[in-house]
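The structure appears below as structure tokens.
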């Protein structure tokens, strides 16, 4: 059976979901259900602060069904991320952590240096670290070397829905990683999620594309199917690309056929 | 229920399959089964000629389950296409026809002028015509005007697996068509099929990408899922694209949190 | 010397200019000068109608310096194009013609069937025909066969500035054409013009990208340089693409160097 | 006048050249001449080692005409880079330095963490540091903050000729940088160099695309023109993109014209 293995756990689903931006917790729960996701990330800081859409969020999740993945959204430095990680562990009781170190609230891009430093410290403190990161193959190798459980490179700026703008670099990240590569941030439609799996990523994480769809629950099901399609295609082994056309069978020597209805 | 309507028939599946390039008819039948396809195209000329992979092909298809779509592969002109169409009707008993007019055996690209002429004549002869065509919005409107049941623009050169190289033009074809747009030729992986459905195409036709996959049956299932993902996403209404990142909730005024484990 | 040959004339410049959309005829003349263009297209119909920006246009061009290329903009059918062509010849005295057959004023895309028909008739009437066309390799071969002097496939919708959206098809048009391929419509910046020349197109035609630039004269010079860059690169023969990186010299066996400033 | 300012120097040219991979120093000198480059980078380690193509390289450059930019190619860590930098300064007498920290000789991608560390140390030692880097906006801001003179993000893997695969990230690097952004690595043809300048990069560095062209001298001239085109276009201000076509003048109310040659 084709399972996703992260640290010491295995999962059927290769689609992880975020919980921000939902207008309604019932819609969020229904989307989770439709997505088949088994891993769900939550911003502990927003929960603690009672930010919009986050009141009662943790309580609303059936944690017998989902692996909770607290994240450090809001941390601008390694120090802040480490402190938020400890808070997350204290609040939720899990040592799994989606590490985010994002210094600039405008572009919301991860800090490679701060992420590596925080990852090193958190692994040493016993966390199972899944770091959000730029699509940088060298950094991916360094995060793997310090003991991260996955790497989570971005497809395009978070929440932008611009899709797979970093394909060439993601291919290199996948090529050299021996831990799962989870593409996180920027996916807008299921075809983009499928493409990530086709190029060898192990999973994807989606939030805005589902939460902001006109029909989030249907979109969650669509992403589920897209991820399954991409994974199946990866396992099935795609056809070779050809620079030119190729007929369905040899055409050489094919005689002209008589016309069956019009007498010659 | 979301059905694909072509002429006077309806279909659950939005994935059509070709039957060329299979090394083995059993594999072909299993791939058809896994794909969920309800419409299957067959080159009547290759069947009549006993071309490689085409001996016994028609007999091997369970026509109680599939709508047969004979095609005019091998026709280099409108005249040849019309004659092959009549042959196809005589041999198969169906008036449905995938029209192909391809003058050049090297690039295998459709002739816009010959295709329009043949379509006009075949519609007048009572055929239900689904024409293979370049991704040309003006030609699509003309084919619709002469009474075609669908248009079938290409994504990239047939058999190349290069994917969705004509997206901008396909978007225009979809925007102005009131008959189904079926993207045909060049798709290599399910993500590309999903993208066609997401941009509003009604269906896709796939052959080489499945027949030449390392595991054709698994790839057929992958395309099935990809098409379902793309259609569901289209119906769900995708999120708006943003030029920049967007945080999961407002960050303004967020205070720095105390560290729960390390006393200050 | 590297000259562009069209019909019986030769040109140094591979950049043709349109004359629409200028707010001021002096700016237009200065842009023409800066572009180095030798061929200039004019909408005869707009001139005759005294449309905005077209009053006095013909008189303002120094026809001792430019080869005038009247166009049939506004023609929605082959018949209308033929009549506008005759008008153009009567008014301007030249038999050179940029043929445009555009049925739909919304998308402004060329009609492949009507263009081929009009081209055939106009060649027979002695015109030197340069047809605007969809990026369709089969149609290009047909236009060449009826005696056109060039083909002029589009890069993207006219006036959109979206750039080279039809690259794969343009490559096929170039590959099979023995008459000059002039990419016309949709180019927004000089890099896109350069790319057309690099892939083997013989020339480009630009209008909106210059007329609507903040500084049209400087942009005209920029396009001139871009076209020269692309042509020179085509003649120089580009490096082969590599899937991966390649060091500037072999690294194997390179010893670690001593540090010149810090004693070991 | 439009000058490129780096540290305390100004330059007319926005094209920098590398010196590796040439088969012949005379060809290299002629290519430099044709390129108009004023800044030339040299691998000090290869020169010291007498690597293929590097014997006599420094002596062959007329340093009254070119600003020499020694690089640390071959350094796999910050420590090695710092030592190579000191060697470079000792050998060449210049404190300008192209910093390269590349741990993996297979993919040849820069190490973000090691690059930042080495940059900090070298700035403190009085070097003028131009760091080669991944296309990472956060890292670019950090390199700027420690006092680098430019940032040099990559377009695609070095020596691959794959072009501008990191456009979306480069746009963000440009948007937030107040020091010059010099795109370095992966460019294959002048159109790609032009595109870098059009999106706001201050300069590009090219090596393999010229050294491995069939005619390196002509290709050097082509890149010169491409860079000038891109810069001029940036200064001229490009037209706005439109999703759809736009006619050259309003078509509404245009009457059908009489045919001048055929009496009605």
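Chains as they are written, first to last, in the UniProt record's numbering: chain A, 1 to 264; chain B, 1 to 264; chain C, 1 to 264; chain D, 1 to 264. We treat Cβ as the ideally placed atom computed from N, Cα and C, and that holds for glycine. Predicted model, so just to flag it, every value in this text is computed and none were measured.
Beta-carbon within less than 7 Å of residue 135/D's beta-carbon, same chain only, minus the 5 sequence neighbours each way: which residues are those? Mapped onto the fourth chain, residue 135/D falls at position 135. These residues qualify, in order along the chain: 153, 154, 166, 169, 170, 173.
Would you mind giving the Cβ-Cβ distance between residue 99/C and residue 119/C, rounded to the nearest angstrom? I have them listed as a contact below 8 Å. Residue 99/C sits at position 99 when you count from the first residue of the third chain. Residue 119/C sits at position 119 when you count from the first residue of the third chain. Their Cβ separation, rounded to whole angstroms, is 6 Å, which keeps residue 99/C and residue 119/C in contact under 8 Å.
Are residue 163/C and residue 242/D touching if we call contact CB-CB under 8 Å? For the purposes of this step, residue 163/C is taken as the residue at position 163 of the third chain. For the purposes of this step, residue 242/D is taken as the residue at position 242 of the fourth chain. The answer is no: Cβ separation not under 8 Å.
Give a yes or no on whether 8 Å exceeds the smallest Cβ distance from residue 241/C to chain D. As a working mapping, residue 241/C is identified with position 241 in the third chain. By this cut-off, residue 241/C is an interface position.
What's the call for residue 24/D, buried or exposed, on a 16-neighbour Cβ count within 10 Å? Here residue 24/D refers to the residue found at position 24 when the fourth chain is read from its first residue. Under this definition residue 24/D is an exposed residue.
Sorted by chain position, which residues of the same chain lie with C-beta nearer than 6 Å to residue 262/B's C-beta, five sequence neighbours on each side aside? Numbered from its first residue, the second chain carries residue 262/B at position 262. For residue 262/B, the predicted structure reports a pLDDT of 36, less than 50, and the residue's modelled location is therefore unreliable. A value from the coordinates is still provided. Around residue 262/B: no qualifying Cβ.
Would you kindly work out how many angstroms separate the C-alpha atoms of residue 36/A and residue 226/A, rounded to a whole number? Translated into positions along the first chain, residue 36/A becomes position 36. Translated into positions along the first chain, residue 226/A becomes position 226. For residue 36/A and residue 226/A, the distance between alpha carbons rounds to 12 Å.
C-beta neighbour in chain G for residue 189/C, strict 8 Å: Protein chains A, B, C and D are contained in the structure displayed, whereas chain G is not.
Evaluate residue 124/C with the Cβ neighbour count: other Cβ atoms within 10 Å of its Cβ, from every protein chain shown; 16 or more gives buried, anything less gives exposed. The residue given as residue 124/C occupies position 124 in the third chain. Residue 124/C should be labelled exposed.
Would you please verify whether the beta carbon of residue 159/A is less than 8 Å from any beta carbon of chain B? Along the first chain, read from residue 1 onward, the residue named residue 159/A stands at position 159. Output row for residue 159/A: interface = yes.
Suppose you measure from the CA of residue 246/A to the CA of residue 138/A; what does that come to, to the nearest Å? Counting from 1 along the first chain, the entry for residue 246/A is found at position 246. Counting from 1 along the first chain, the entry for residue 138/A is found at position 138. One C-alpha to the other measures close to 39 Å.
Any chance the stretch 70-90 of chain D sits against the stretch 140-149 of chain D, with 3 or more Cβ pairs inside 8 Å? no
Grouping DSSP H, G and I as helix and E and B as strand, with all else coil, what is residue 6/A? Within the first chain, numbered from 1, the residue matching residue 6/A stands at position 6. DSSP places residue 6/A in strand when its eight states are reduced to three.
Can you name the residues that DSSP bridges to residue 132/B? Locating residue 132/B in the second chain gives position 132, where the first residue counts as 1. DSSP output for residue 132/B lists 152/B as bridge partner(s).
Nonlocal neighbours in the same chain, by C-beta distance under 7 Å from residue 7/C, ignoring five residues either side: If you number the third chain from 1, residue 7/C lands on position 7. Only residues of its own chain outside the window of five on either side were considered, and among them 128, 149 have a CB closer than 7 Å to the CB of residue 7/C, listed in chain order.
Based on Cα-Cα distance, which residue from 94/C, 112/C, 75/C, 115/C lies nearest to residue 105/C? What you label residue 105/C is simply residue 105 of the third chain in a count that begins at 1. Closest option to residue 105/C, Cα to Cα, is 75/C.
Measuring straight from C-alpha to C-alpha, what distance separates residue 56/B and residue 32/B? Against the second chain, residue 56/B aligns to sequence position 56. Against the second chain, residue 32/B aligns to sequence position 32. Rounded to the nearest angstrom, the two C-alpha atoms are 16 Å apart.
Check residue 246/C in the structure and name its three-state DSSP category. As a first step, residue 246/C is located in the third chain; it is residue number 246 there, counting from the start. Residue state, collapsed to three classes: coil.
Alpha carbon to alpha carbon, what distance is there between residue 38/A and residue 102/C? Locating residue 102/C in the third chain gives position 102, counting from the first residue. Locating residue 38/A in the first chain gives position 38, counting from the first residue. If you take the alpha carbons of residue 102/C and residue 38/A, they lie about 54 Å apart.
Where residue 94/D meets chain C, residues with beta-carbon distance less than 9 Å: Sequence index remark: in the fourth chain, residue 94/D carries index 94 (1-based). Simply none; closest approach about 14 Å.
Within 10 angstroms of its Cβ, does residue 59/C collect 16 or more other Cβ (buried), or is it exposed? Here residue 59/C corresponds to residue number 59 of the third chain, with the count starting at 1. Exposed, because fewer than 16 other Cβ atoms sit within 10 Å of the Cβ of residue 59/C.
For residue 193/B and residue 206/B, believed in contact at Cβ under 8 Å, the rounded distance: In the second chain, the residue the question calls residue 206/B occupies position 206. In the second chain, the residue the question calls residue 193/B occupies position 193. Contact between residue 206/B and residue 193/B holds, with the beta-carbon distance rounding to 7 Å and staying under 8 Å.
Just by C-beta distance, which residues in the stretch 166-199 of chain C are closer than 8 Å to chain B? 166, 167, 168, 169, 172, 176
Could you tell me which chain A residues have their CB closer than 7 Å to the CB of residue 103/D, listed as they occur along the chain? Taking the first residue of the fourth chain as 1, we reach residue 103/D at position 103. The contacting residues are 138.
Three-way DSSP call (helix, strand, coil) for residue 184/A in this model: The residue labelled residue 184/A in the question sits at position 184 within the first chain. In this structure, DSSP gives residue 184/A an extended state, which the three-state scheme calls strand.
Helix, strand or coil for residue 195/A, going by three-state DSSP, please let me know. Stepping through the first chain from its first residue, residue 195/A is reached at position 195. Secondary structure of residue 195/A (DSSP, three-state): helix.
Throw me the rounded Cβ distance for the residue 4/C and residue 203/C pair, which I believe falls under 8 Å. In the third chain, the residue the question calls residue 4/C occupies position 4. In the third chain, the residue the question calls residue 203/C occupies position 203. That belief holds up - the Cβ atoms of residue 4/C and residue 203/C are roughly 6 Å apart, short of 8 Å.
Can you round the beta-carbon distance between residue 233/C and residue 198/C to whole angstroms, since I take them to be within the 8 Å contact cut? The residue labelled residue 233/C in the question sits at position 233 within the third chain. The residue labelled residue 198/C in the question sits at position 198 within the third chain. About 5 Å separates the Cβ atoms of residue 233/C and residue 198/C, confirming a contact at the 8 Å cut-off.
By the 9 Å beta-carbon criterion, what residues does the stretch 48-61 of chain C contribute toward chain D? 48, 49, 51, 52, 53, 54
Taking C-beta to C-beta, are residue 126/C and residue 90/C nearer than 8 Å? Counting from 1 along the third chain, the entry for residue 126/C is found at position 126. Counting from 1 along the third chain, the entry for residue 90/C is found at position 90. Contact flag unset, no.
Closer than 8 Å, CB to CB, is residue 246/C near chain D or not? Along the third chain, one-based indexing puts residue 246/C at 246. Yes, because at least one Cβ of chain D sits closer than 8 Å to the Cβ of residue 246/C.
Closer than 9 Å between beta carbons: that is the criterion. Which residues of the stretch 112-134 of chain B meet it against chain C? 112, 113, 114, 116, 117, 134
Whole runs of the beta strand (DSSP E) within the stretch 49-76 of chain B, excluding any shorter than 3 residues: 67-71
Should residue 2/C go down as buried or exposed, given a rule of 16 or more other Cβ atoms within 10 Å for buried? Indexing the third chain from 1 puts residue 2/C at position 2. By the neighbour-count rule (16 or more Cβ atoms within 10 Å), residue 2/C is not buried but exposed.
Taking all protein chains shown into account, decide if residue 184/C is buried (16 or more other Cβ within 10 angstroms of its Cβ) or exposed. By one-based count along the third chain, residue 184/C stands at place 184. It is buried - the Cβ of residue 184/C has at least 16 other Cβ atoms within 10 Å.
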